Each structure stands twice: as C-alpha cells, then as structure tokens.
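Remarks on the structure that follows.
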Amino acid sequence: MRRFPAFICILVVITIFCGCEEEDELLTLTISVSGTVTNNSGQSGTIIVEIDYNIRDFADGEGHYSIPLHKDYYIDSLYAYVDLDGNKAFSVGEPYGFFHHEDEPSCAQPIHLRSSSLTNINFTIPWRL
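Residue 533 is where the sequence shown starts when you use our numbering, and the numbers rise one by one after that.
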C-alpha cells in the first residue's frame with residue numbers, strides 16, 4: 533500500500549513537468565503584429581501603439597511598429613496615440629486612432645493571431661478638433 537501513493541506522486545510530477553513545457557512554448561513570443569500608423573492629427577510627438585491597454589511599442593519616425601506576441605493571441609483593440617505630454621501613457625486630449633472595421637469606423641476590429649505574424653495592419657490617427 534505504501535508504494536501506490538509514491539507512484540501517484542511520480543505521475544503527478546511528470547504530468548506537471550510535461551504540461552509546463554507545452555505551456556511555455558505557447559507563451560513564447562514567436563509571432564508579431566506590425567504595420568504603419570499615419571498621424572493626421574496635426575500634433576507632433578511620440579506615437580505609441582498599444583494592444584489591449586497593456587502591450588506597447590513606439591512607432592519609428594515613419595510610423596512603423598512591430599509588437600511581438602505569442603501564438604493564438606486574441607487582440608481586442610489595437611490603437612495608437614500621440615504622446616503629447618511625454619508620460620508614455622494615454623492622457624485625455626491626446627490624439628488617437630484605432631484599427632477598425634472598414635465599414636464601421638466607430639468599432640475596433642479584433643484580430644486573432646493563430647500561428648503566424650500579421651503584417652500591414654495599418655491605420656490612422658485622424659485629425660480631431
């Protein structure tokens with residue numbers, strides 16, 4: 533009877549070890565979403581591109597961005613803003629734009645990255661009063 537609980541413990545340890553390796557592989561940053569943000573706001577400053585309010589990249593001088601992600605990542609919202617005050621966070625009054633449905637510009641377009649990168653995800657920060 534004493535060998536049975538030890539055998540179960542060994543099986544649990546092996547299962548946990550194998551499961552962790554697979555999960556780590558899924559969470560490895562191996563794909564990306566990239567494109568160009570065009571700033572038509574009339575304001576200048578650093579353009580910050582964010583995914584779901586927590587993953588960000590700084591667009592280069594031509595508006596190019598690339599954000600590494602893991603496989604099977606679901607993006608609820610992809611947006612950019614001009615960081616006028618330099619605090620590296622969106623502040624009220626800063627111009628912004630988001631990747632949206634072609635026929636519904638007021639709705640964010642979700643993106644599901646399965647197993648390969650997406651390029652040419654382009655959008656604009658429009659002029660606002």
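All C-beta atoms in this analysis are idealised placements derived from N, C-alpha and C, irrespective of residue type, glycine included. On a predicted model such as this, the values are computed, not experimentally measured, just so you know.
Note down the Cα distance separating residue i from residue j, rounded to an integer number of angstroms.
i: SER576; j: GLY593; result: 11 Å
i: THR502; j: ALA612; result: Residue coverage of the chain in this structure runs from 533 to 661, which leaves residue 502 outside it and unanswerable.
i: TYR597; j: GLY629; result: 14 Å
i: LEU610; j: SER573; result: 18 Å
i: HIS632; j: GLY625; result: 20 Å
Less than 8 Å separating the beta-carbons of residue i and residue j?
i: ASP608; j: ALA640; result: yes
i: GLY595; j: VAL569; result: yes
Thinking residue i and residue j are a contact (beta carbons under 8 Å), I'd like their distance in whole angstroms, please.
i: LEU561; j: PRO600; result: 4 Å
According to DSSP, simplified to helix, strand and coil, what is residue i?
i: LEU601; result: strand
i: MET533; result: Any answer about MET533 is weak, because its pLDDT of 49 lies below 50 and its placement is not dependable; what the coordinates show is given next. If DSSP states are grouped into helix, strand and coil, MET533 belongs with coil.
i: LEU559; result: helix
i: ALA612; result: strand
Spatial neighbours of residue i within its chain, please: CB distance less than 7 Å, with the 5 preceding and 5 following residues excluded, ordered by chain position.
i: ASP584; result: ILE607, ASP608, SER609
i: ARG660; result: SER573, PRO627
Considering only residues of the same chain and omitting the five flanking positions on each side of residue i, which have a CB-CB separation below 8 Å?
i: GLY618; result: GLY577, THR578
In its own chain, which residues sit with a C-beta less than 6 Å from the C-beta of residue i, not counting the 5 before and 5 after it?
i: LEU559; result: HIS602
i: ARG588; result: ILE580, GLU582
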